[in-house]
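Protein chains: 6
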Amino acid sequence: MESPLNVLSPFFLYLCLLLALFQAPTPCISDPNPLQDFCIRTSPAGQSAATCKAASAVVSDDFFFDGLTKEGNTNNSFGAGLTQATHVQFPGLNTLGIAMARIDLAPGGLNPPHTHPRGSELVMVLKGAVLVGFVSGDNVLYQKVARRGELFIVPKGLVHFQKNTGKGKAIVIVVFDSQFPGIVPAPFALFGTKPAIDSQLLAKAFKVDGEVVTSLLSNFGN
Amino acid sequence: MESPLNVLSPFFLYLCLLLALFQAPTPCISDPNPLQDFCIRTSPAGQSAATCKAASAVVSDDFFFDGLTKEGNTNNSFGAGLTQATHVQFPGLNTLGIAMARIDLAPGGLNPPHTHPRGSELVMVLKGAVLVGFVSGDNVLYQKVARRGELFIVPKGLVHFQKNTGKGKAIVIVVFDSQFPGIVPAPFALFGTKPAIDSQLLAKAFKVDGEVVTSLLSNFGN
Amino acid sequence: MESPLNVLSPFFLYLCLLLALFQAPTPCISDPNPLQDFCIRTSPAGQSAATCKAASAVVSDDFFFDGLTKEGNTNNSFGAGLTQATHVQFPGLNTLGIAMARIDLAPGGLNPPHTHPRGSELVMVLKGAVLVGFVSGDNVLYQKVARRGELFIVPKGLVHFQKNTGKGKAIVIVVFDSQFPGIVPAPFALFGTKPAIDSQLLAKAFKVDGEVVTSLLSNFGN
Amino acid sequence: MESPLNVLSPFFLYLCLLLALFQAPTPCISDPNPLQDFCIRTSPAGQSAATCKAASAVVSDDFFFDGLTKEGNTNNSFGAGLTQATHVQFPGLNTLGIAMARIDLAPGGLNPPHTHPRGSELVMVLKGAVLVGFVSGDNVLYQKVARRGELFIVPKGLVHFQKNTGKGKAIVIVVFDSQFPGIVPAPFALFGTKPAIDSQLLAKAFKVDGEVVTSLLSNFGN
Amino acid sequence: MESPLNVLSPFFLYLCLLLALFQAPTPCISDPNPLQDFCIRTSPAGQSAATCKAASAVVSDDFFFDGLTKEGNTNNSFGAGLTQATHVQFPGLNTLGIAMARIDLAPGGLNPPHTHPRGSELVMVLKGAVLVGFVSGDNVLYQKVARRGELFIVPKGLVHFQKNTGKGKAIVIVVFDSQFPGIVPAPFALFGTKPAIDSQLLAKAFKVDGEVVTSLLSNFGN
Amino acid sequence: MESPLNVLSPFFLYLCLLLALFQAPTPCISDPNPLQDFCIRTSPAGQSAATCKAASAVVSDDFFFDGLTKEGNTNNSFGAGLTQATHVQFPGLNTLGIAMARIDLAPGGLNPPHTHPRGSELVMVLKGAVLVGFVSGDNVLYQKVARRGELFIVPKGLVHFQKNTGKGKAIVIVVFDSQFPGIVPAPFALFGTKPAIDSQLLAKAFKVDGEVVTSLLSNFGN
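Chains as they are written, first to last, in full-length UniProt numbering: chain A, 1 to 222; chain B, 1 to 222; chain C, 1 to 222; chain D, 1 to 222; chain E, 1 to 222; chain F, 1 to 222.
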């Protein structure tokens, strides 16, 4: 009869496979002090694995990213296009506690109210005139129209938005004190979830009748 | 003529006063490793000062809080009452990285969708049956009806809610990995801000017409 | 002769197996800012692995835990029963910086003096009257009898205890600002270690003769 | 009649005085990333204030400390002398996340079992032969006799001790990953507290009769 | 005779004055999780005090900064102009863990090799062609010519530089995962210190003769 | 025909192997609060893997290190020998936020100007007279001759050096508030990089002519 110590036995191979597969997304924390100079993230596309490329294989291009040079697609109902540079798109950022994104806004375009669960956001307008605002925990709205080279800071986790209030296209870059701050877009997190949040619950929350909730839900695919 | 070095001169007294007054709210970070065993917060009511009571004056009651024993007032449109225990109400929590709150829910009562900018939330139902849910960054809704003694965890910064789905009153306690996680109640942060967020901006964000936005704003005092 | 590149060769399978097995307990730090919304811990029972369940496989029950609904067994010399909810029992807590435990105390029951190496503890009494106390670094004892709904905070790393001083059973829940604060029970850490601490060393430390130490050691299995 | 705005009025002076006095112990966290190159702690002796000396007044001696060159007094029941170098004795350490101490041990001398609530400890023996040990959360004792230049690491918050097992005097230095790790000496934190922990509670915790507890308490001044 | 409790006595006024003056620069850490939504830094110019503006006095402009819109002065030996946006210039950044700077480079202009003691740096070229490089702890040089909209990441604490290799002016913005990362410009930190580092020490460090060191020192004002 | 689900198929074995191999260097952060008592680092030599030895296999020797007892080789142009005790040489330090090194200095020996990207450094002289200095961000040099048992603190990330100014050999130990602070030796990071930094860039940075740069580069192997 076969010994369980036989490395060719299905039992061992399954164990090996399962353990290896489970390794992929490692919940390491890189925003505090890193433990090495850098750690180029290596993982199959779409996974958030947090393992390092072998130092001997690291090249200058690992620290370089040109993904923000292209204009984002604003051909949508918000007239807004988001292009991200987190450790997912830019593996060299891994463990370094910082990330960036580019927001293209068509005239009148809007990056709708949203929050970042894990980061403050520093906004710089590169082109156009953009209304940037956030809401404090006391529900006070702080907002300002920022133009080329002007900055606006959004504290960690608060609701904020950017709207193109100028005549032409606008370009905004935003930077975060986290390599993966996350995004919670209010309209989708409230009315576009899968499955949908109970409509009576939403009606009570927003003090509206079922009809309004039904239309809000349908606006976001529910 | 009076010397500027005269400690009785108005100049010196003003300087002293101004500097002293400026000290009150110190933005210290206490969620990481503290630098002393404890630091009982001392400050005028309503301020978020982060200074310590002299160790010699500290007594056992400084570490004790009975503010969560009283039922919260649920006589409001949400049928929900929130009672907090952060370092503001419970100064002994200062620098210790933890806070708690009690939520009373009338039958059908709702703690409307909200986020905490600076903390994860562990929910424990003390009484009744409560639907607890949160929405991930991928807009997936995770929800569960929890009963006496059952727990539900809400990751940092994500939209979540609690609704009493039982017949009688419900009591929930929530704990945070921060002494002051903050609260962003979605309906108020979107439609109840001071000043109001531009109604056209909101209409575009939620894909509704001006009438709906106007009623939503008026529901929350705008 | 077989090539070493043959993936079926024992050499490769051993390597694979060893590497995979070594992965299990990854010492990630999750108390600071996480790098993803959540990370459901996946690992063989009894291991403290810190790897994530694939997002597509995550369900609502991963964020739910009913292990604290059952009364702990107080049929022991301390009349105390501890039931934990850390990331080991409740994988959904992984990376979220918070944990909870339930302590059942028979009349006169005692949770003996202990420390948590990696967390502050917020105590809430759910039932009965419980004497809760801790000792500061200056050896000052702060203690209080807490009742239903009352809170007592124990600063990080300090010696503390809970004793049922009421007539009936008592129930206490404790929460931590760490997903795995650890436990150092003083009587066991001093007299119940494997191997035992040198008895002359203990005699000197507690200023007692060898007989007393011998009995103390035997009380805790040495 | 005197105006309340008169800076010479007792009201203003009292306010000024109270606010200024309240400032002294500020619970700042300096173990994470500091916000300036350095911050020489300035405060009345014995206080743990965390304010900075003006940069213009900082001199090289602020970064220098010779307090560990003197032999500690081992003329006590433990035959041990502790000399500390935390931000209290060495203000230049403030905000830099590190501290040191020197332990002198007479032949047979013992630094009794203790924990540090906020730091790991790296032990280096400078002279003699010293038994260094710690107890894990699983109550496993790890111990080793270390000699000149040898290191032993004690994980954060665990019970540990150092005992001179050589013929002559021993000198040990210990370093911490915190500028103020704190100290909880087990014998004193259990039996030498002010006020004393209830003797029946201690008897139950250590499974001994009242007589033994009474003698243990009296050994430590109770 | 005057009572020491007389608040008008010089003793009390001196005490008040000294304590108040000592308060100014509080070494709080704001890069980790803040303890409030925001904390607008208030302090006399040139000081790094970390106290908050009263919430009631906070206005939208506190979160806005236009200091990076102006071209920096490149009329110097390096052909480089640095304009910073840290919590010193932009008080709204205080406690939010992020900072930015603008570097203007004349044709051939150079931001000489330097390190940031407390932050990683994400570089974005806004105009021109810029050679950006850093050196790892293994002394490997990673460098790349970046153009408009392209990014290059510099890990925390490593030596790096930016040089305009294009025909016209270049503009670079850099962002940090700290509100005050600090700057250590290598040429000045080595040869331009006050007082100068001992010339024999420098000669030995760089393996050159005294003449070369003397000229290097004189190049930087020594 | 073979099914892809056959665990013996090359496809599965390759996948398993690749994933397992990718795991090795995990960029975990251990300087903050650890999530277990300890984690003995296990990994093939030369890798910076951050995985834990199985608790059952951990022995006292895992917490012990004698690598600093041997004199470092000072037979080099600097007359300095560095012996490190980080988690690479001393796996027991892993996740515990502290590291140490021994520096041996021949008479006149120099540890040339360098920075540590991720840690403050506390210096203790064990033997001899050593000039220890660092340069602040304002380019102020703070230095002091320290002798046996005397301490000097170097703030995080600043340029510093140690030089033997005594008659005989000197021994220094340095401790860090990070298990892997990194080292950036200025002369090598500027003139000894692979590939070399552009010589015209260096000439401009140090305001010297090409000849001087050429000799500096050649002094460090370029």
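Backbone N, C-alpha and C fix where the C-beta goes; we use that ideal spot for every residue, glycine too. If you're wondering where the values come from, they're calculated on a predicted model, not measured in any experiment.
Query raised in the report: Should V58(D) be flagged as near chain C, meaning a C-beta pair shorter than 7 angstroms?
Result: For this step, residue 58(D) is matched to residue 58 along the fourth sequence. With 7 angstroms as the cut-off, V58(D) does not count as an interface residue toward chain C.
**Report entry** Where the beta strand (DSSP E) containing E121(D) begins and where it ends
**Finding:** Along the fourth sequence, one-based indexing puts residue 121(D) at 121. Bounds of the beta strand (DSSP E) holding E121(D) are 121-127.
Requested in this report: From the DSSP output, in three-state form, read off L190(B) for me.
Outcome: The sequence position of residue 190(B) within the second sequence is 190, counting from 1. The answer is helix: DSSP assigns L190(B) an H, G or I state.
**Report entry** chain A within 7 angstroms of L35(C), Cβ atoms only
**Finding:** The residue you call residue 35(C) lines up with position 35 of the third sequence. Under the Cβ criterion of 7 angstroms, L35(C) is counted among the residues facing chain A.
**Report entry** Assigned exposure category for N164(C) - 16 Cβ within 10 Å defines buried
**Finding:** For this step, residue 164(C) is matched to residue 164 along the third sequence. Counting Cβ neighbours within 10 Å, N164(C) comes out buried, since at least 16 surround it.
Query raised in the report: How about L122(B) and V175(B): do their beta carbons lie closer than 7 angstroms?
Result: In the second sequence, the residue the question calls residue 122(B) occupies position 122. In the second sequence, the residue the question calls residue 175(B) occupies position 175. Yes. Within cutoff.
**Report entry** Boundaries of the alpha helix (DSSP H) in which T83(C) is found, first to last residue
**Finding:** In the third sequence, residue 83(C) corresponds to position 83, counting from 1. It is not in any alpha helix (DSSP H) - T83(C) instead sits in the beta strand (DSSP E) that spans 80-85.
Query - Member of D138(E), G108(E), E150(E), P155(E) whose CA lies at the smallest distance from the CA of T203(F) - result: Locating residue 203(F) in the sixth sequence gives position 203, where the first residue counts as 1. Reading off the sequence shown, one finds Ala at residue 203(F), where the question assumed Thr. Selected option, being the one with the closest Cα: G108(E).
Query raised in the report: Which of the residues in the region 137-156 of chain E, read from start to end, lie with their CB under 7 angstroms from any CB of chain F?
Result: G137, N139, V140, L141, K156
Query raised in the report: For the candidate residues A54(E), L201(E), C39(E), D62(E), whose alpha-carbon lies nearest to that of L151(A)?
Result: Your numbering for residue 151(A) matches position 151 in the first sequence. Distance check between L151(A) and each of A54(E), L201(E), C39(E), D62(E) places D62(E) closest, using alpha-carbon atoms only.
**Report entry** CB contact check: A85(D) to chain C, cutoff 7 angstroms
**Finding:** Along the fourth sequence, read from residue 1 onward, the residue named residue 85(D) stands at position 85. No, no contact with chain C.
Query raised in the report: Of all the CB atoms in chain B, is at least one closer than 7 angstroms to the CB of Q162(A)?
Result: Here residue 162(A) refers to the residue found at position 162 of the first sequence. Not an interface residue.
Query raised in the report: Between which two residues does the beta strand (DSSP E) harbouring A101(A) extend?
Result: For the purposes of this step, residue 101(A) is taken as the residue at position 101 of the first sequence. DSSP places A101(A) inside the beta strand (DSSP E), whose first and last residues are 99-105.
Report task. Examine the Cβ distances between the region 80-93 of chain C and the region 138-155 of chain C and report whether three or more of them are shorter than 8 angstroms. Result -> Output reads no: the region 138-155 of chain C does not touch the region 80-93 of chain C.
Query raised in the report: Helix, strand or coil: which one does DSSP assign to L158(B)?
Result: As a working mapping, residue 158(B) is identified with position 158 in the second sequence. Coil at L158(B), not helix or strand.
Query raised in the report: Mind checking if F90(C) is an interface residue toward chain F, Cβ cutoff 7 angstroms exclusive?
Result: Here residue 90(C) refers to the residue found at position 90 when the third sequence is read from its first residue. Not closer than 7 angstroms to any Cβ of chain F, the Cβ of F90(C) fails to qualify, so no.
Report task. Check whether the Cβ of G182(D) lies closer than 7 angstroms to any Cβ atom in chain H. Result -> No chain H is present in this structure, whose protein chains are A, B, C, D, E and F.
Query raised in the report: Using a beta-carbon distance cut-off of less than 9 angstroms, what residues from the region 106-121 of chain A approach chain C?
Result: P117, R118, G119
Query raised in the report: Okay, do the region 165-172 of chain E and the region 97-117 of chain E touch, 3+ Cβ pairs below 8 angstroms being the bar?
Result: yes
Requested in this report: Please report the residue range of the alpha helix (DSSP H) in which F176(C) lies.
Outcome: The residue labelled residue 176(C) in the question sits at position 176 within the third sequence. Run containing F176(C): none in the alpha helix (DSSP H); it sits in the beta strand (DSSP E), 170-176.
Query raised in the report: Of the residues E211(F), T193(F), G192(F), K194(F), which one's Cα is nearest the Cα of Q200(F)?
Result: Sequence index remark: in the sixth sequence, residue 200(F) carries index 200 (1-based). Closest by alpha carbon: E211(F).
Query raised in the report: Rounded to whole angstroms, how far is the Cβ of A186(A) from the Cβ of V159(A), which I believe are closer than 8 angstroms?
Result: Against the first sequence, residue 186(A) aligns to sequence position 186. Against the first sequence, residue 159(A) aligns to sequence position 159. With a Cβ gap of about 7 angstroms, A186(A) and V159(A) count as contacting.
Report task. Using a Cβ-Cβ cut-off of 7 angstroms, state whether F63(B) counts as contacting chain A. Result -> Along the second sequence, one-based indexing puts residue 63(B) at 63. Chain A, which has no Cβ nearer than 7 angstroms to the Cβ of F63(B), makes this no.
Query raised in the report: List, in order along the chain, the chain A residues whose C-beta lies closer than 9 angstroms to that of Q179(F)?
Result: Here residue 179(F) corresponds to residue number 179 of the sixth sequence, with the count starting at 1. Neighbours of Q179(F) on chain A, chain order: L35.
Query raised in the report: V208(F) to L216(E), Cα distance in whole Å?
Result: Counting from one through the sixth sequence, the residue named residue 208(F) turns up at place 208. Counting from one through the fifth sequence, the residue named residue 216(E) turns up at place 216. Rounded to whole angstroms, V208(F) to L216(E) spans 7 angstroms at the Cα level.
Query - residue 274(A) versus K144(A): straight-line alpha-carbon distance, rounded - result: The displayed coordinates of chain A run from 1 to 222. Any statement about residue 274(A) would go beyond what the structure contains.
Query raised in the report: From which residue to which residue does the alpha helix (DSSP H) around Q200(E) run?
Result: As a working mapping, residue 200(E) is identified with position 200 in the fifth sequence. Taken as a continuous stretch (DSSP letters only), the alpha helix (DSSP H) holding Q200(E) covers 199-206.
**Report entry** Distance, V130(D) Cα to H114(C) Cα
**Finding:** Your numbering for residue 114(C) matches position 114 in the third sequence. Your numbering for residue 130(D) matches position 130 in the fourth sequence. Approximately 27 angstroms between the Cα atoms of the pair.
Query raised in the report: Interface residues of chain A around I98(E) at Cβ under 9 angstroms?
Result: As a first step, residue 98(E) must be located in the fifth sequence, where it is residue number 98. Near I98(E) (Cβ distances below 9 angstroms), the residues of chain A are I98, G119, S120, E121, L122, I153, V175, F176, D177.
Query raised in the report: Cβ of residue 223(C) less than 7 angstroms from any chain D Cβ?
Result: Beyond the ends of chain C as shown, which are 1 and 222, falls residue 223(C); an answer cannot be given.
Query raised in the report: Going by the beta-carbon positions, is the gap between G182(F) and F220(F) smaller than 7 angstroms?
Result: For this step, residue 182(F) is matched to residue 182 along the sixth sequence. For this step, residue 220(F) is matched to residue 220 along the sixth sequence. The answer is no: Cβ separation not under 7 angstroms.
Query raised in the report: What residue does the beta strand (DSSP E) around N111(C) start on, and which one ends it?
Result: On the third sequence, position 111 is the one that residue 111(C) refers to. Segment 110-115, the beta strand (DSSP E) holding N111(C).
Query - F64(A) (DSSP reduced to helix, strand or coil) - result: For the purposes of this step, residue 64(A) is taken as residue 64 along the first sequence, with counting starting at 1. If DSSP states are grouped into helix, strand and coil, F64(A) belongs with the strands.
Query raised in the report: Secondary structure at F12(C), three-state DSSP: helix, strand or coil?
Result: Residue numbering aside, residue 12(C) sits at position 12 when the third sequence is read from its first letter. Low confidence applies here, because F12(C) scores a pLDDT of 45, under 50, leaving its location unreliable; read the following figure in that light. Secondary structure of F12(C) (DSSP, three-state): helix.
Report task. Could you tell me which residues DSSP puts in a beta bridge with I183(C)? Result -> As a working mapping, residue 183(C) is identified with position 183 in the third sequence. Looking at the DSSP output, I183(C) sits in no beta bridge, so it has no partner there.
Query raised in the report: Can you name the residues of chain E whose CB is closer than 9 angstroms to the CB of L68(A)?
Result: The residue labelled residue 68(A) in the question sits at position 68 within the first sequence. In chain order: M124, G149, E150, L151.
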